[in-house]
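What follows is a single structure, written as structure tokens, with notes after it.
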Amino acid sequence: MFQVYRKLFAYVPEKRHLIFVSICLSALSTLAVVGAYYYLYLFFDRLLTEQDPSGSFFYAWVIFGLLIGGYAVYFIGVLASHVLGFRLETNLRKRGIDGLATASFRFFDLNSSGKIRKIIDDNASQTHTIVAHLLPDIANALVKPFLILILAFIVSIRTGIILTILTVAAVLLYTGMSGETQFMKRYQQALERLSAESVEYVRGIQVVKVFRADTRSFQALYDAIQDYARFALNYSMSCKVPWVLLQWFMFAIVAILVPFLFLLPGVFPHGSRTAVELLMMMLLSGVMFSTIMKVMYVVMYAFNGAMAVDKLEAMYEDMRRDSLLHGTQETFSDFDITFDHVTFSYGEKPVLEDVSFTLRQNHSYALVGASGSGKSTIAKLISGFYKVDKGAVKIGGYPLEDYSEQAILQNIAFVFQDVKLFKSSLYENVALAKAGASYEEVMEAFRRAGCESILEKFPDREHTLIGSKGVYLSGGEKQRIGIARSLLKDARIVIMDEASAAVDPENEHELQKAFAELMKDKTVLMIAHRLTSIRSVDEILVIEDGQVIERGTDQELMKTDSRYKFFQDLYAQANDWRVREYA
């Protein structure tokens with residue numbers, strides 16, 4: 001347990017002094033509260049044994065003062081631990097966000113968004129709990145049982161012995177409830193899986209509603225629900241008998257025994273201390289039970305906290321291992337792109353194996369191939385989104401790792417098929433491509449991308465808020481906004497990933513004009529399923545099973561019995577079939 005806290009406190013060195021403040025104040029508070037119980041015992045002893053009610057006012061004020069003082073000190077200790085907990089939670093989330101910013105795309109391919117959110121957000125929240133709430137409780141749980149037992153022996157030897165026996169029995173019963181470590185780990189993993197799958201399910205709720213599907217149609221979510229239900233039921237059933245016995249030992253014995261003894265004649269003779277012992281036994285057993293329960297929660301949350309820390313650090317390590325390394329070189333000598341014996345895989349699945357080719361600057365290229373052949377992977381490797389397993393991706397004769405992050409970002413533009421627009425104005429969505437861009441530069445990018453017709457649709461033109469008052473753009477319109485971004489960025493290398501794969505003819509006409517503007521004096525790499533859109537590029541590379549199997553112009557490849565000609569024939573047949581089918 002203490003090893004967990006050592007790990008956590010390493011993330012908040014600036015607030016480490018609050019650890020000692022919280023623990024010391026909590027221990028002092030416990031001492032004050034137990035002191036109040038001691039003075040209550042003195043009051044009972046004087047009233048019931050000596051039959052002397054004098055001094056009651058004094059004892060009442062002492063008890064009141066100790067309790068108020070103890071809880072006030074405890075409040076300050078809890079306040080200190082909460083400041084520490086909130087700072088820890090913030091630092092852990094910052095560490096996660098920083099890691100996400102530098103992690104490669106491979107990390108995101110291997111980890112769903114639901115899983116990432118669950119691990120970073122939920123586990124950071126769990127660490128807050130074990131610091132803000134458990135840190136003062138640990139001091140309380142470690143100190144209070146011993147002070148209570150000491151007080152019980154002060155009352156009488158037999159009171160101390162009986163309370164010790166009850167405490168040992170309660171601890172043994174609790175141990176039977178706690179479960180095996182491996183079982184608890186599997187239980188927590190089932191809970192984490194349920195949370196992650198639920199997030200993915202909710203994000204696809206539109207599809208669920210359209211097809212009227214229930215959770216059984218989503219096998220991963222259904223299995224996660226069933227696994228968690230099984231673990232929760234098994235754990236609850238295993239706790240049933242120990243929990244009942246624990247309650248019976250700590251409460252039922254005292255609750256039944258005390259009234260029974262009070263009713264027996266002659267049990268409490270004049271001046272007898274037995275009544276004091278029984279009253280203190282009833283009081284101290286209740287206090288001990290609440291303390292044991294606090295210990296149970298401390299151990300449980302500490303266990304959950306340990307798992308949370310392990311998961312966070314495992315994810316941080318994955319981010320670090322997959323993070324993109326950058327050098328210090330700020331300029332490119334030229335913009336030739338070279339793949340030098342590149343091998344790359346997603347997890348255990350190889351995608352590219354020993355691939356080598358060169359793309360010359362200020363030329364346009366197209367990648368053609370079946371789905372899963374490695375086209376998009378090549379484009380992402382050029383952009384520096386992934387780290388290669390072997391070989392090197394070079395620009396201007398130097399590996400990407402030699403260039404600074406800023407140099408890569410400034411000189412490579414990526415136009416995705418699914419353009420992401422933020423819920424801000426059209427102007428801001430384009431202006432983010434270039435820090436400090438002037439109004440004139442942004443509007444020129446709109447013009448060159450053919451976005452005037454989009455702006456004219458809205459009264460506020462470029463200041464129209466996306467997603468506000470029903471303002472949404474079609475796929476082709478989003479593409480033109482994406483191209484405006486790239487034009488404003490004015491990067492020397494442009495990568496278009498199936499940018500016109502699914503747009504209507506009117507938008508495609510506007511897109512082709514925007515593409516022509518974007519491709520001027522640039523090194524361009526296109527990935528296209530619409531093979532008619534790539535006939536005019538300088539060179540076509542055919543990718544199959546992670547290898548470049550053919551290379552040449554459209555005319556050169558169409559003259560031979562090439563794989564490219566096979567794709568073009570299939571594409572023509574598909575279009576011809578559509579015309580005949582609907583004619």
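For reference, each letter of the sequence shown is one residue, going 1 to 583 in full-length UniProt numbering.
Ideal Cβ positions, reconstructed from N, Cα and C, are used throughout, including at glycine.
Scanning the segment 120-153 from its first residue to its last, no whole beta strand (DSSP E) run of 3-plus residues comes out. Spatial neighbours of S376 in its own chain (CB-CB distance under 7 Å, excluding positions within 5 residues in sequence) are listed in chain order as D497, I527. Among the bridge pairs identified by DSSP, M496 is matched with V415, M526. In the structure shown, the three-state DSSP call for G77 is helix.
Under DSSP, S345 forms a beta bridge with P350. Here the C-alpha atom of G305 lies approximately 43 Å from the C-alpha atom of G546. Annotated three-state conformation of P13 is helix, per DSSP. The Cβ neighbour count for M315, taken over all protein chains shown within 10 Å, is at least 16; the residue is labelled buried. The C-alpha of L359 is placed about 9 Å away from the C-alpha of F339. In this structure, the alpha-carbon of A379 lies about 7 Å from that of I495. Between the alpha carbons of V298 and Y39 lies a gap of roughly 29 Å.
Using a Cβ-Cβ distance cut-off of 8 Å, the segment 27-46 and the segment 138-147 are in contact, since at least three pairs of beta carbons, one from each stretch, lie closer than that value. By alpha-carbon distance to S425, the top candidate from T343, I454, N234, I395 is I454. Within the DSSP secondary-structure output, P399 pairs in a beta bridge with K394.
Linking N429 to G397 through their CA atoms gives a straight-line distance of about 34 Å.
Shown here, I292 sits in a helix according to DSSP, grouped into three states. Judged by DSSP secondary structure, L381 falls within the alpha helix (DSSP H) whose first and last residues are 375-382. Counting only the Cα atoms, V4 lies some 20 Å from K94. Taken through DSSP and simplified to helix, strand or coil, A370 comes out as coil. Approximately 10 Å separates the beta-carbon atoms of E544 and Y564; this is outside 8 Å, ruling out the contact. Of all C-beta pairs linking the segment 107-117 to the segment 193-200, three or more are shorter than 8 Å, placing the two stretches in contact. DSSP places V548 in the uninterrupted beta strand (DSSP E) bounded by 547-552. Annotated as proximal: S364 and V537, with beta-carbon spacing under 7 Å. Nearest Cα to D334 within the set G327, V309, Q361: Q361.
In this structure, V171 is the residue among V171, G85, S474, F44 with its C-alpha nearest to the C-alpha of L245.
The way I'd put it, the segment 84-102 doesn't touch the segment 140-160; fewer than three beta-carbon pairs between them come closer than 8 Å.
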